[in-house]
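Colleague: All residue numbers for the sequence shown refer to my numbering, where the first residue is 47 and numbers rise by one. The C-beta atom is built at its ideal place from N, Cα and C for all residues, glycine as well. Below you will find the structure I want to go over with you.
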Amino acid sequence: MEDPGNTKFLSKLRRQGIDVPQPSPIMGNIPEIKLNKSLVQCSENSCNNWKDPPSLDCSSILFPYFKQWTKQYEHHVNDALTFVTGKTFSFRLGTVPVLYVTDPELVREINLCRSLDLGKPAYLQKDRGPLLGKGLITTNRAVWTHQRKTIAPNLYVDKDMLPVVIESAKALVKSWECMVESEGGVADIRVDEYLPTKNNREQWRLEKEIYSMIIHASKECNRGTTAEAMIQILMQGAKHGELGPSTPEQFVIDNCKDLYLAAFEVSGISAIWGLMLLASHPEWQERARAEQFWNDALDSHKLGKMKVLEMVVQEVLRLYPGVAFVSREALQDVKLGKLVVPKGVNIWIWLLELQQDPKLGGADADKFNPGRFANGVSEACKNSQAYIPFGVGARICPGQSLAILEMRVMFAVILANFSLSLSPNYRHIPNFSLLLEPKYGVNLLVRKI
């Protein structure tokens, strides 16, 4: 039998003009998802054409069922709710009801909502507990508020951060130079091996080892580095404020995990996709180099003048945002404009679809064209809500400025030293687990300039 609670959710949404694919009693829409994906997802062999620019439509490859449901329900909209388009519907993952959103006006309402009743989904702690713990990414209400106040002020970019980021990029360049020289001028490099990967996440599952390592670091640190200073800040935050069920030690550990994932791995994966895109479009490599002055050391003033580089970073984040969707859960009934989202319903803002919608981004929305950002973000899309790579609302990523800085420096230092092209060994197979990442890595042919 259908679970009464879920029937209630679905009925409330249907009455407000939100269509729902018919779910099975226990599995929800999971059987349909599996069947649909197996029928229309392209095989890995058919995605292995490296000679042409790779297809950037990850949504059709990874989530074909969303495309099917969008077409199925795009004309079934309650006229009384004109702000909800046919791209808003609900489905169920097992017993979890999910509201799928790519309507920019509904995204705007979510963006404007500051209620703590719109929080992060419970499944993040339940299913991803060993990985994410109870840190800034997963907690809600008073506990999250305290964590945000503790961490966010220390993630804003200042003059002390730039040299650290530059030195990290130079270390990568040095290792590549050795490889290029040893290979006679051109090296086939799997670039993701030099940036954070999912192996780091898998190691975190060894909780006892990670627990001991971070606690040891917190006791030994003396604020000599940025990392040590952040651990000290977390230790102070653990002493003062709402911790919920966490111990002070767990507060430090969980937020160290979340900071690494958000500050390093997410931006690292976006940088990997960015290098793939630059390798596919040598004309943008040349344009980025043309505006740079390499006779002197890179500094914040020069970095700020590199407008083409800024456009490239913004376009990379549009096509390959660090996360595929922004998730929320109604912890109580939440009103978003005219729509009331019942308690317990999850909301997924699907960035891959929203940011590549031709109705919002133009006919070339699925193409790599940094020039769309020539006049800033506001002119790149027909609706400002169609570009939200760092999330929305009160829970927008506090480290977005640092992430952008890391990508800009990485691209600037690499392009100053190397030219890039796709390797014959590159297989364009996007994969989604926790993040959107290349399943088999990214192989590039790297030449010293």
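Alpha carbon to alpha carbon, what distance is there between LEU81 and PHE137?
Modeller: Roughly 15 Å between the two C-alpha positions.
Colleague: Does the count of Cβ pairs from the segment 464-473 and the segment 201-217 closer than 8 Å reach three?
Modeller: No, the segment 464-473 is not in contact with the segment 201-217.
Colleague: Is it a yes or a no for the segment 305-313 touching the segment 443-461, going by three-plus beta-carbon pairs under 8 Å?
Modeller: Verdict: yes, contact present.
Colleague: Measure the C-alpha to C-alpha separation of LEU182 and VAL298 and round it to an integer number of angstroms.
Modeller: Rounded to the nearest angstrom, the two C-alpha atoms are 11 Å apart.
Colleague: For ARG160, name the three-state secondary structure that DSSP assigns.
Modeller: Looking at ARG160 - three-state DSSP - the assignment turns out to be coil, as it is neither helix nor strand.
Colleague: The beta strand (DSSP E) spanning PRO209 covers which residue range?
Modeller: First-last for PRO209: 207-228, but that is the alpha helix (DSSP H), not the beta strand (DSSP E).
Colleague: Roughly how many angstroms separate the alpha carbons of ASP238 and SER57, rounded to a whole number?
Modeller: Using only the alpha carbons, I get a separation of about 46 Å.
Colleague: Hey, which unbroken runs of the beta strand (DSSP E) at 3 residues or more fall wholly within the segment 357-417?
Modeller: Segments of the beta strand (DSSP E) lying fully in the segment 357-417: 371-376, 380-382, 385-387 and 392-396.
Colleague: Which residues does DSSP pair with ALA168 in a beta bridge?
Modeller: Partner(s): none; ALA168 has no beta bridge.
Colleague: Considering only C-alpha positions, which residue in the set PHE112, ARG61 and PRO100 is nearest to ASN75?
Modeller: Looking at the Cα atoms, PHE112 is the closest of the given residues.
Colleague: Once you ignore the five residues that flank PRO435 on each side, which residues in its own chain have a CB closer than 6 Å to its CB?
Modeller: The answer, listed in chain order, is LEU363 and PRO367.
Colleague: Using a 10 Å radius around the Cβ and a threshold of 16 neighbouring Cβ atoms, would you call CYS224 buried or exposed?
Modeller: Looking at its Cβ environment, which holds fewer than 16 other Cβ atoms inside 10 Å, CYS224 is exposed.
Colleague: According to DSSP, GLY74 sits in a beta bridge with which residue or residues?
Modeller: Paired residues: SER70 and LEU139.
Colleague: The beta strand (DSSP E) that contains PRO484, what's its start and end?
Modeller: Residues 482-484.
Colleague: So the beta strand (DSSP E) LYS133 belongs to, where does it begin and stop?
Modeller: Neither: LYS133 is in no beta strand (DSSP E) and is coded neither H nor E.
Colleague: So what does ALA233 bridge to, in DSSP terms?
Modeller: Note: ALA233 sits in a beta bridge opposite VAL492.
Colleague: Round the Cβ separation of CYS104 and LEU481 to the nearest angstrom and send it over; I've been treating them as touching at under 8 Å.
Modeller: With 8 Å as the limit, CYS104 and LEU481 do not qualify as a contact, their Cβ atoms being about 12 Å apart.
Colleague: Could you give the C-beta distance for LYS133 and ASP149, rounded to a whole number, given that I count them as a contact under 8 Å?
Modeller: Yes, LYS133 and ASP149 are in contact; Cβ-Cβ is about 6 Å, under 8 Å.
Colleague: I need the DSSP call for VAL153, collapsed to helix, strand or coil.
Modeller: Looking at VAL153 - three-state DSSP - the assignment turns out to be helix.
Colleague: Helix, strand or coil: how does DSSP classify PHE478 here?
Modeller: Correct three-state label for PHE478: strand.
Colleague: When we look at the beta-carbon of TYR202 and count the other beta-carbons within 10 Å, is it buried (16 or more) or exposed?
Modeller: Exposed, because fewer than 16 other Cβ atoms sit within 10 Å of the Cβ of TYR202.
Colleague: Hey, out of PRO176, SER346, ASN186 and ARG473, whose CA is closest to LEU164's CA?
Modeller: Measuring from the Cα of LEU164, the nearest candidate turns out to be ASN186.
Colleague: For TYR41, list the residues DSSP reports as bridge partners.
Modeller: Residue 41 lies beyond the range of the chain shown here (47 to 495); nothing can be said about it.
Colleague: If we ignore side chains and look at the alpha-carbon of each, how far apart do TRP96 and VAL232 end up?
Modeller: With a pLDDT of only 48 at TRP96, under the threshold of 50, the placement of this residue in the model should not be trusted; the figure read from the coordinates follows. Distance between the alpha carbons of TRP96 and VAL232: 18 Å.
Colleague: Measuring only the C-alpha atoms, how far is MET456 from PRO291?
Modeller: Looking at the two C-alpha atoms, the distance is approximately 39 Å.
Colleague: Express the C-alpha separation of GLU329 and LYS494 in angstroms, rounding to a whole number.
Modeller: Taking the straight line joining both Cα atoms gives about 17 Å.
Colleague: Less than 8 Å between the CB atoms is what I'm expecting for PRO476 and ILE107, so what's the real figure, rounded?
Modeller: Rounded, the Cβ-Cβ distance is 6 Å, consistent with contact.
Colleague: Under 8 Å by Cβ, that's how I've got ARG40 and VAL359 pegged, so tell me the actual separation to the nearest angstrom.
Modeller: For the chain, the structure presents residues 47 to 495; residue 40 sits outside this window and is missing.
Colleague: Just the C-alpha distance for GLN39 and ARG194, rounded to the nearest angstrom, thanks.
Modeller: Because the chain is modelled from 47 through 495, residue 39 falls outside the range shown and cannot be assessed.
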